[in-house]
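Engineer:
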Amino acid sequence: MILPIVAYGDPVLRKKAVEISEDYPQLETLIANMWETMYNAAGVGLAAPQVGLDIRLFLVDTSPFSDDEELTEAERQQLQGFKKVFINATITEEEGEEWTFNEGCLSIPDIREDVNRKPQINITYYDTDFNKHTETFDGLLARVIQHEYDHIEGVLFTDKLSSLKKRLLKGRLDKITKGKIQVDYKMRFPQLKRGR
Ligand code: NI
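Counted the way the working numbering counts, the sequence shown spans residues 37 to 232.
#1: Can you tell me which of the three DSSP states Leu193 falls into?
#2: Report yes if the C-beta of His183 is less than 7 Å from at least one heavy atom of the ligand NI; otherwise report no.
#3: Taking Cβ positions, are Glu133 and Phe193 nearer each other than 8 Å?
#4: Which class does Leu93 belong to by DSSP, given the choice of helix, strand or coil?
#5: For Ala178, count neighbouring C-beta atoms within 10 Å of its own C-beta (all shown protein chains included) and say buried if the count is 16 or more, exposed if not.
#6: With DSSP as the reference, identify every bridge partner of Gln156, one or two as the case may be.
#7: Here's the rule: buried if 16 or more other CB atoms are within 10 angstroms of the residue's CB, otherwise exposed. What is Lys229?
#8: Cβ of His187 versus every heavy atom of the ligand NI: is any distance shorter than 7 Å?
#9: If you measure between the beta carbons of Ile159 and Ile127, is that distance less than 8 Å?
#10: CB Asn76 to CB Tyr221, shorter than 8 Å?
#11: Between the C-alpha atoms of Asp103 and Ile188, what's the straight-line distance to the nearest angstrom?
#12: Return the bridge partner residues of Arg50 from the DSSP annotation.
#13: State the Cα-Cα distance for the pair Arg232 and Ala83, rounded to the nearest angstrom.
#14: Residue range of the beta strand (DSSP E) that Val81 falls in?
#15: Only counting the same chain, and skipping five residues up and downstream in sequence, which positions put a Cβ closer than 7 Å to that of Asp174?
#16: Residues in the same chain with beta-carbon distance under 6 Å from Trp140, minus the five sequence neighbours each way, listed in chain order, please.
#17: Please tell me whether Ile38 and Thr73 are closer than 8 Å, where the distance is taken between their beta carbons.
#18: Going by DSSP, name the residue or residues bridged to Ile212.
#19: Asn124 and Thr136: beta carbons closer than 8 Å?
#20: Identify, in the order they occur along the chain, each residue of the same chain with its Cβ nearer than 6 Å to the Cβ of Gly88, setting aside the five sequence neighbours on each side.
#21: To the nearest angstrom, report how far apart Val54 and Asp195 are at their CA atoms.
Okay, structure coming up:
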C-alpha cells in the first residue's frame with residue numbers, strides 16, 4: 037500500500053525518533069509499504085518520519101544511482117543492488133574531508149541543493165531479523181544513509197544550507213507546507229486549506 041509522504045513543515049519531521057523492539061506492531065507490513073511508497077515516488081531512501089511515524093527506521097536502495105555514467109565500475113557495482121533496511125541505527129563516526137553533492141528529499145519536492153557531508157561513516161543498526169550490524173560505508177552510499185539518518189534525528193538537508201540560501205528558499209518551503217505545489221505522488225501537507 038502506498039502511504040502519503042509527509043511534507044516539509046510537519047512536526048513529525050522534527051522529532052528525534054525512538055527505537056523500536058522486535059514486536060513493533062505489523063513491522064513487516066510497514067516496511068513493505070515503505071518500499072512501495074519509496075519506489076512509487078522514485079526515491080533512493082525513505083525514513084519512517086516521512087510516513088508520519090517517529091520511529092528509528094529507514095530504507096535505502098541506491099540502484100537508480102548506478103546508471104550515472106561518471107561512476108567507475110567499482111562504484112557502479114557498489115550502488116547496484118544495494119538495498120537495505122536500517123532499524124535503530126546509530127552513526128558512531130563520520131570521517132574525512134567534506135564533499136558536496138546535490139541532494140533532494142521526497143518531503144521537500146522540487147528543491148535540490150548542494151550539501152556538504154563527510155565521506156565515510158561507521159554505523160550500527162539492526163536488520164529486519166533484529167540482528168545487529170556494525171559497518172563502514174563511504175561515498176554515495178554513505179551520503180544516502182546520512183540523509184536518511186538525519187530524518188530519524190529530526191534533521192532535514194535544508195538545515196545544512198547557509199543562512200542566505202535558507203532565506204532564499206523560505207517562500208518555496210512555505211508553499212510546500214501549504215500544499216501549493218504539484219507533486220506526482222501522494223503527500224500529506226500540514227497546512228493544506230481545503231476548498232469550501
Ligand atoms: Ni529526505
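Quick reminder that beta carbons are idealized off the backbone N, C-alpha and C, glycines included.
Structural biologist: Walking through what the data contain:
#1: In the sequence shown, residue 193 corresponds to position 157, counting from 1. Reading the sequence as shown, one finds Phe at residue 193 and not Leu. Collapsing the DSSP output to three states places Phe193 in a helix.
#2: Taking the first residue of the sequence shown as 1, we reach residue 183 at position 147. Yes, since a heavy atom of the ligand NI falls inside the 7 Å radius drawn around the Cβ of His183.
#3: On the sequence shown, residue 133 is found 97 positions in, with the first residue counted as 1. On the sequence shown, residue 193 is found 157 positions in, with the first residue counted as 1. Result no, Cβ atoms of Glu133 and Phe193 do not sit closer than 8 Å.
#4: The residue you call residue 93 lines up with position 57 of the sequence shown. Strand, per DSSP.
#5: Here residue 178 corresponds to residue number 142 of the sequence shown, with the count starting at 1. Ala178 comes out buried.
#6: Here residue 156 refers to the residue found at position 120 when the sequence shown is read from its first residue. Partner(s): Glu131 and Asp174.
#7: Here residue 229 is taken as the residue at index 193 of the sequence shown, counted from 1. Exposed.
#8: Translated into the one-based positions of the sequence shown, residue 187 becomes position 151. Because some heavy atom of the ligand NI lies under 7 Å away, the Cβ of His187 counts as near it: yes.
#9: Numbered from 1 along the sequence shown, position 123 holds the residue referred to as residue 159. Numbered from 1 along the sequence shown, position 91 holds the residue referred to as residue 127. Their beta carbons are under 8 Å apart, which means Ile159 touches Ile127 by this criterion.
#10: The residue you call residue 76 lines up with position 40 of the sequence shown. The residue you call residue 221 lines up with position 185 of the sequence shown. In this structure, Tyr221 lies closer than 8 Å to Asn76 by Cβ.
#11: Taking the sequence shown and counting its residues from 1, one reaches residue 103 at position 67. Taking the sequence shown and counting its residues from 1, one reaches residue 188 at position 152. Between Asp103 and Ile188, the alpha-carbon positions lie close to 28 Å from each other.
#12: Translated into positions along the sequence shown, residue 50 becomes position 14. Partner(s): none; Arg50 has no beta bridge.
#13: Position 196 of the sequence shown, counted from the first residue, corresponds to residue 232. Position 47 of the sequence shown, counted from the first residue, corresponds to residue 83. Low confidence applies here, because Arg232 scores a pLDDT of 48, under 50, leaving its location unreliable; read the following figure in that light. For the pair Arg232 and Ala83, the Cα-to-Cα distance works out to about 34 Å.
#14: Residue numbering aside, residue 81 sits at position 45 when the sequence shown is read from its first letter. Going by the sequence as given, residue 81 is Gly instead of Val. Gly81 to Ala83 is the extent of the beta strand (DSSP E) around Gly81.
#15: The sequence position of residue 174 within the sequence shown is 138, counting from 1. Only Pro155 and Gln156 meet the Cβ criterion.
#16: Taking the sequence shown and counting its residues from 1, one reaches residue 140 at position 104. Trp is not the amino acid found at residue 140; the sequence shown has Gly there. Excluding positions up to five away in sequence, the list reads Arg148.
#17: For the purposes of this step, residue 38 is taken as the residue at position 2 of the sequence shown. For the purposes of this step, residue 73 is taken as the residue at position 37 of the sequence shown. In contact: Ile38 and Thr73 (Cβ atoms closer than 8 Å).
#18: Here residue 212 refers to the residue found at position 176 of the sequence shown. None; Ile212 has no bridge partner.
#19: Taking the sequence shown and counting its residues from 1, one reaches residue 124 at position 88. Taking the sequence shown and counting its residues from 1, one reaches residue 136 at position 100. At least 8 Å separates the beta-carbon of Asn124 from that of Thr136.
#20: Position 52 of the sequence shown, counting from 1, holds the residue named residue 88. Excluding sequence neighbours, Gly88 sits near Val42 and Val48.
#21: The residue labelled residue 54 in the question sits at position 18 within the sequence shown. The residue labelled residue 195 in the question sits at position 159 within the sequence shown. Looking at the two C-alpha atoms, the distance is approximately 21 Å.
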